[in-house]
Each structure stands twice: as C-alpha cells, then as structure tokens.
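K.L.:
Quick one: the structure is below, questions incoming.
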Amino acid sequence: MTAPPAPAKDIRFIEAVERSRSEICMYTVRKNDIVDNTVKIPMRMIQEFGCADGLIGIVQYDSLTRLADRHTTDNGNIYAHGPISYGVPGPKPIREIFEGIPHNLVIKTPKYAYQKEYRIIGSRPVECRLLPDENHPGCKIEKYDHAELDLSSSLADFSRKVSVASLEEARDGLVLDLPHQA
C-alpha cells in the first residue's frame, strides 16, 4: 500500500518560508512573577527553549528594549521587537498571515500564553529548508540557518548568565535568584 500523495503547498506559504527572518525568542519575567527577589521558571520553558544543560541569560528589560529600538530602523539589524501578543488575531492579521506579510510575527494564539515570550526579529532573511519530519511521515519541518544579531554594543552592563544546573529545584520549575536593583 502506498502513502497518499502529499497535499499541494500554497505558494504564498513557500514564499513566506523562503523570506523567513531570523528570530530571537525569550521568556519574559514580569514584576508580579518576582517574589523575594526570586522567580520560578517553569520546567516546561527550560525544556522548550532547550537550555537544560546550558545557561540562562538574564537581561534587564528596559535596557534591552532601548538598545533594540536604536537598531530598529530602515537600515538597522532589527525588523521588529516586543512582547508577543497572545490572542486570536483579527481579520487583518489573518489576511496578512496568508499573504506572507511579516507584521504578524509578534502574535500567537492564547494556548501559548504560558511562554511569556519577547521576540527580536532580525531584518535580514535566513536560509530555510523544509526537511522530512522523522516523527511524522509525510510532513515537513522547517530548518533555519544560523544568524547573528549585531547590536554594536555590549550587553555586559545589563545582563548576566546563570548555569541552569546551579538553580534550585522547586515544584514544576527552577528558582532563579535575581540581581538586586539599586
């Protein structure tokens, strides 16, 4: 018995994939998440961001957004940045999604609200290939090339790194001690 033929792809989808922009996705800690200068990071986020054996970068939000704003220009390295909006998109964003217009890159459905994502979208496209999904025969997954974002400034003044292995375990997550603010 042979597998059914793969469904025809919408050419606009393929064009949108080929124009894909590089993205940096980050988990956002809000003030109401902080208790006694600590925050609990859900294990689900550690697993989904693939950093269980790595580092967590802590960046001061206001400083990062000011730096990103300076690079969000016609000739800048950043196309867009900001917290993700979790909601059902209206008719205009839905139309843009199907037309491949990238203004909808900071919208996700409410089922992903637990991610509390902040996203930086680079202005230069990255190479994208569609590869067979070994876990789902007949389906394809997107594989993106590496991209670097040059902010021509050091993040060292307002960031630090913490080893995930050094964090204290808590129910369904890890406890991260935050730096004291002056």
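Just so we're aligned: the sequence shown equals residues 830 to 1011 in this note's numbering. We put the beta carbon where it would ideally sit given N, CA and C, even for glycine. Keep in mind it's a predicted model, so treat the numbers as computed, not measured.
#1: Would DSSP call L1005 helix, strand or coil?
#2: Looking at the structure shown, is L984 part of a helix, part of a strand, or coil, going by DSSP?
#3: Could you pull the start and end residues of the beta strand (DSSP E) that S952 belongs to?
#4: So does the segment 853 to 872 actually touch the segment 955 to 975, counting three or more Cβ pairs closer than 8 Å?
#5: When we look at the beta-carbon of I840 and count the other beta-carbons within 10 Å, is it buried (16 or more) or exposed?
#6: Can you give me the C-alpha to C-alpha distance between P871 and L893, rounded to a whole angstrom?
#7: In the DSSP assignment, what are the bridge partners of L884?
P.N.:
Quick look at the numbers:
#1: Within the sequence shown, the letter at position 176 stands for residue 1005. Strand, per DSSP.
#2: As a first step, residue 984 is located in the sequence shown; it is residue number 155 there, counting from the start. Coil.
#3: For the purposes of this step, residue 952 is identified with residue 123 of the sequence shown, where counting begins at 1. Counting along the chain, the beta strand (DSSP E) containing S952 begins and ends at 946 to 954.
#4: no
#5: Mapped onto the sequence shown, residue 840 falls at position 11. A caution first: I840 carries a pLDDT of 34, below 50, which makes its placement in the model too unreliable to give a value.
#6: Position 42 of the sequence shown, counted from the first residue, corresponds to residue 871. Position 64 of the sequence shown, counted from the first residue, corresponds to residue 893. One C-alpha to the other measures close to 23 Å.
#7: Taking the first residue of the sequence shown as 1, we reach residue 884 at position 55. According to DSSP, which records beta bridges pairwise, L884 is partnered with S992.
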